[in-house]
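*Asks:*
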Ligand SMILES: C[S@@+](CC[C@H](N)C(=O)[O-])C[C@H]1O[C@@H](n2cnc3c(N)ncnc32)[C@H](O)[C@@H]1O
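Numbering (the numbering used here), first residue to last: 4 to 262.
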């Protein structure tokens, strides 16, 4: 996904402000992270700062939070969005955490874990920063979790139809990217125990999911065969196929690890 583009960071930030899905995802994440006892909190893949802002509202006044992200463009917007001396931001991939202040009693990661190239590398990087008793919470859409059921929504069906029409090929689908057993094993190798994988359901409408899929970093990987105009045309045809007000359920799995 092209998270490095400044335009993408702006479009993403606008979506986060205007639509409620990330607000909901972050609120649930913060509840499960139980930040009340933490002095230092780490937010992996902080994006434009929505997760850090949610943490700041819930964490103790004395606590500090560091947000890291691989994308300079996302970090820049986060720094512009968050004006709190308790928060700081560092550009680095989630697998390279040397030099960060810590130790972190809580680590959170919203809507990003499946994008990390190696779950094991992230657990290993965390091992030297997360002391005994620390907690690591992250969420993954159920459709990307092996063994979970999720329905194909009209927006997804419309996207597949239009992508197949444009490319002349049948859509390969998105690979199942997260296997809970793999996570459990990789986590335990670095001293993290999987406490729970909790399924929580977000009530969305098709219009919101359409806007989400229109973010360049989201639609880009699905339409690499198209230029920008082709992509816009495809999205417009998808938009005409859906009923923006139709309600759908979007399940997410929240993984809670402890050390
Ligand atoms: C959907 S956004 C989520 C941002 C934020 N957590 C939120 O809830 O708004 C995904 C983020 O993951 C970041 N990302 C992707 N791969 C990464 C990696 N290997 N290390 C750190 N950040 C990464 C992207 O740059 C992007 O900001």
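The beta carbon of each residue, even a glycine, is placed where N, CA and C say it ideally should be.
Compute the Euclidean distance between the alpha carbons of residue 122 and residue 144, then round it to the nearest angstrom.
*Replies:* If I take the Cα positions, the gap works out to 16 Å.
*Asks:* Based on the DSSP secondary-structure assignment, which residues constitute the bridge partners of residue 116?
*Replies:* Beta-bridge pairing links residue 116 to no other residue.
*Asks:* Of the residues 125, 43, 235 and 160, which one's Cα is nearest the Cα of residue 191?
*Replies:* The candidate whose alpha carbon is nearest that of residue 191 is 125.
*Asks:* Take residue 155 as the anchor and find which of 17, 107 and 252 has the nearest alpha-carbon.
*Replies:* Out of 17, 107 and 252, 252 has the C-alpha closest to the C-alpha of residue 155.
*Asks:* Nearest-angstrom Cα distance between residue 189 and residue 119?
*Replies:* Between residue 189 and residue 119, the C-alpha separation is close to 13 Å.
*Asks:* Identify, in the order they occur along the chain, each residue of the same chain with its Cβ nearer than 6 Å to the Cβ of residue 240, setting aside the five sequence neighbours on each side.
*Replies:* Result list for residue 240: 165, in chain order.
*Asks:* Would you check if there are 3 or more beta carbon pairs closer than 8 Å linking the stretch 37-48 to the stretch 69-86?
*Replies:* The stretch 37-48 is in contact with the stretch 69-86.
*Asks:* In terms of DSSP beta bridges, what is residue 40 paired with?
*Replies:* Residue 40 pairs with nothing; no bridge assigned.
*Asks:* Regarding residue 98 and ligand 1, is the C-beta to nearest heavy atom distance less than 8 Å?
*Replies:* Indeed, a heavy atom of ligand 1 lies less than 8 Å from the Cβ.
*Asks:* Quick check: is any heavy atom of ligand 1 less than 8 Å from the C-beta of residue 71?
*Replies:* Under cutoff, so the answer is yes.
*Asks:* Assuming residue 90 and residue 59 make a contact with CB atoms under 8 Å, what is their CB distance in whole Å?
*Replies:* Residue 90 to residue 59, Cβ: 6 Å. Contact.
*Asks:* Quick check on DSSP: helix, strand or coil for residue 46?
*Replies:* It is a strand residue.
*Asks:* With DSSP run on the structure shown, which of helix, strand or coil describes residue 250?
*Replies:* Of the three classes helix, strand and coil, the one that applies to residue 250 here is strand, per DSSP.
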